[in-house]
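Enquirer: One structure, as structure tokens, below. Some questions next.
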Amino acid sequence: MSQVLCSSRLPERWNGWIGEEGGLKLSPRSVGEKIVALFPKTPLVDKLEVAGPGFINISLSKDYIIRILTETLRSGVRPPPLDKRLRVVVDFSSPNIAKEMHVGHLRSTIIGESVCRLLEFLGHDVVRVNHVGDWGTQFGMLIAHLQDTFPNYLKESPPIEDLQAFYKESKKRFDDEPEFKKRAYECVVKLQSFEPESTKAWNMICDVSRKEFQKVYERLDITITEKGESFYQSRMVTIVQELESKGLLIYDEGRKVMFGREQDIPFTIVKSDGGFTYDTSDMATIKYRIEEEKADWLIYITDAGQATHFVVLQHCAKKAGIFDPKKVRFDHVGFGVVLGEDKKKFKTRSGETVRLVELLDE
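Residue numbers (full-length UniProt numbering): 1 to 362.
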């Protein structure tokens, strides 16, 4: 099959078509006729013709397609020769612990699985990563609520059947009860210092979520390995120290921020209260994936609304000397969100996010 190289530069023999101001000297139809005349011959194309004011109609060769399909049916689909086997880290699905997977997770999960299968078919070494949200201040209220609701949790596993309802109950108490809110913050501090009782409660909550996630993955035939935000906690401390030592952090109203480029939105590396953010986590994560997992190619699969975040991530990681685009490929595969009739994120009539399990049941 012939390969036609695409270029934004016109060949020298086409220069006579362009005027000094960049406009065409010829009519669109005349340009179309010249393109057809210069188009390289290939067995895939049966006929090229100009139609109307300058459209080019391409008719594919039925005989060629039949021959290729017949050969494929006889020999099977074979990948092209692989110049170099790459280690590819694909970050997809990534739901939040203590919350059920919703309809919005379906696209990331299916697209991610498809990308992984294609890359594996081509012969690459693919690492499938589920970067779950398993850390953060919300776990303080969940742990405090668990301790109140199941005071015997250290001796026997609490029978949490509906984690979504459990989350809502703890959130309501957090919003309505000042004393509970205070205890929730204390639980966060204990968890971050890996106090045994808080850590056990956190593990129990995570286990309930994992079991529910796994049911969905099994139904969808998804293979993925969990490596959530908690995995990078110690590495976040290290990345902050590294960025500070390189003089890359700027103080801004109590925060420590980093600019990848002057025109970029800054990454908040350390909050005014001393806590870390998703930005900190992603900087620690990209460093780990490049330096420890030896990734040649990084692929992040999320909704398109996060596109700017990943552009800034590349700029900051490059500025920090972590990411070299000449050595490591970086791709963000963005997709649109699922919208309802009101053109907003798809929800049930009661305003709740549509649970993925219910969608699959339908």
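Virtual Cβ for every residue (Gly too), placed ideally from N, Cα, C.
Quick one: using the 10 Å Cβ neighbour count with 16 as the cut-off for buried, is K172 buried or exposed?
Expert: exposed
Enquirer: Quick one: what does DSSP say T268 is sitting in, helix, strand or coil?
Expert: In the structure shown, T268 sits in a strand (DSSP, three-state: E or B).
Enquirer: Take A304 and list the residues in its own chain whose beta-carbon comes closer than 7 angstroms to its own, dropping the five residues that flank it on each side.
Expert: G334, F335, G336
Enquirer: Return the bridge partner residues of V126 from the DSSP annotation.
Expert: Per DSSP, the beta-bridge partners of V126 are V88.
Enquirer: Between the stretch 117–137 and the stretch 321–333, are three or more C-beta pairs nearer than 8 angstroms?
Expert: no
Enquirer: Quick check on G133: does DSSP put it in helix, strand or coil?
Expert: strand
Enquirer: In three-state DSSP terms, what is R355?
Expert: strand
Enquirer: Using a Cβ-Cβ cutoff of less than 7 angstroms, which residues in the same chain neighbour K190 once the five nearest sequence positions on both sides are dropped?
Expert: Same-chain partners within the cutoff: S198.
Enquirer: Name the one or two DSSP bridge partners that H145 has.
Expert: Answer is none; H145 lacks a bridge partner.
Enquirer: Distance, Cα to Cα, G133 vs P79?
Expert: Their Cα atoms are separated by approximately 36 angstroms.
Enquirer: Between the Cα of S281 and those of K62, Y232, E262, spot the shortest distance and give me the residue it belongs to.
Expert: That would be Y232, whose Cα lies nearest to the Cα of S281.
Enquirer: Quick one: give me the first and last residue of the alpha helix (DSSP H) that D162 is part of.
Expert: It is not in any alpha helix (DSSP H) - D162 carries neither H nor E in the DSSP assignment.
Enquirer: Less than 7 angstroms between the beta carbons of Q164 and E100, yes or no?
Expert: Yes, the Cβ-Cβ distance between Q164 and E100 is below 7 angstroms.
Enquirer: Report the rounded CA-to-CA distance for E358 versus H102, giving the unit in angstroms.
Expert: 9 angstroms
Enquirer: For the beta strand (DSSP E) that L60 lies in, which residues bound it at each end?
Expert: Start and end: 55–60.
Enquirer: Taking DSSP's pairing of strands, which residues face G334 in a bridge?
Expert: T302
Enquirer: Using the rule of at least 16 other Cβ atoms within 10 Å of the residue's Cβ for burial, across every protein chain shown, is A70 buried or exposed?
Expert: Checking the sequence shown, residue 70 turns out to be Thr, not Ala. Flag for T70 reads exposed.
Enquirer: Considering only residues of the same chain and omitting the five flanking positions on each side of A317, which have a CB-CB separation below 7 angstroms?
Expert: Correct list, in chain order: M283, I286, F323.
Enquirer: Out of curiosity, what's the CA-to-CA distance linking residue 363 and Y288?
Expert: No statement about residue 363 is possible, as the shown extent of the chain runs from 1 to 362 and does not include it.
Enquirer: Could you tell me which of Y278, P266, T302 sits nearest to H315, measuring between CA atoms?
Expert: It is P266 whose Cα lies nearest to the Cα of H315.
Enquirer: With a floor of 4 residues, list each alpha helix (DSSP H) that falls wholly inside the stretch 175–237, ordered by position along the chain.
Expert: Listed in chain order, the complete alpha helix (DSSP H) runs (minimum 4 residues) inside the stretch 175–237 are 178–192, 196–220.
Enquirer: Within 10 angstroms of its Cβ, does E161 collect 16 or more other Cβ (buried), or is it exposed?
Expert: The residue is exposed, with fewer than 16 neighbouring Cβ atoms inside 10 Å.
Enquirer: Among C116, I222, H124, which residue has its Cα nearest to the Cα of L86?
Expert: H124
Enquirer: Under a Cβ-count criterion, where at least 16 other Cβ atoms within 10 Å of its own Cβ denotes burial, should S209 be classed as buried or exposed?
Expert: buried
Enquirer: Could you check where the beta strand (DSSP E) with M283 kicks off and where it finishes?
Expert: That residue, M283, is in no beta strand (DSSP E); its alpha helix (DSSP H) goes 278–291.
Enquirer: Is it the case that the Cβ atoms of K319 and G260 are separated by a distance below 7 angstroms?
Expert: Between K319 and G260, the CB-CB gap stays under 7 angstroms.
Enquirer: In this structure, how does DSSP classify I250 when only helix, strand and coil are distinguished?
Expert: strand
Enquirer: Just to confirm, are V129 and V88 a CB contact at a threshold of 7 angstroms?
Expert: no
Enquirer: Roughly how many angstroms separate the alpha carbons of E242 and K271, rounded to a whole number?
Expert: 17 angstroms
Enquirer: When you compare only the Cα positions, how much space is there between E253 and I97?
Expert: 31 angstroms
Enquirer: Could you give the first and the last residue of the continuous beta strand (DSSP E) run that contains R255?
Expert: 255–258
Enquirer: Look up D342 in the DSSP assignment and say whether it is helix, strand or coil.
Expert: coil
Enquirer: Drop a sphere of 10 angstroms on the beta-carbon of Q214, count the other beta-carbons inside from all chains shown, and report buried for 16 or more, exposed for fewer.
Expert: exposed
Enquirer: Please check the pair V188 and G140, which I expect to be a contact at CB under 8 angstroms, by giving their CB distance rounded to whole angstroms.
Expert: 4 angstroms
Enquirer: Compare the Cα-Cα distances from E179 to each of A201, A144, F150 and report the closest residue.
Expert: A144
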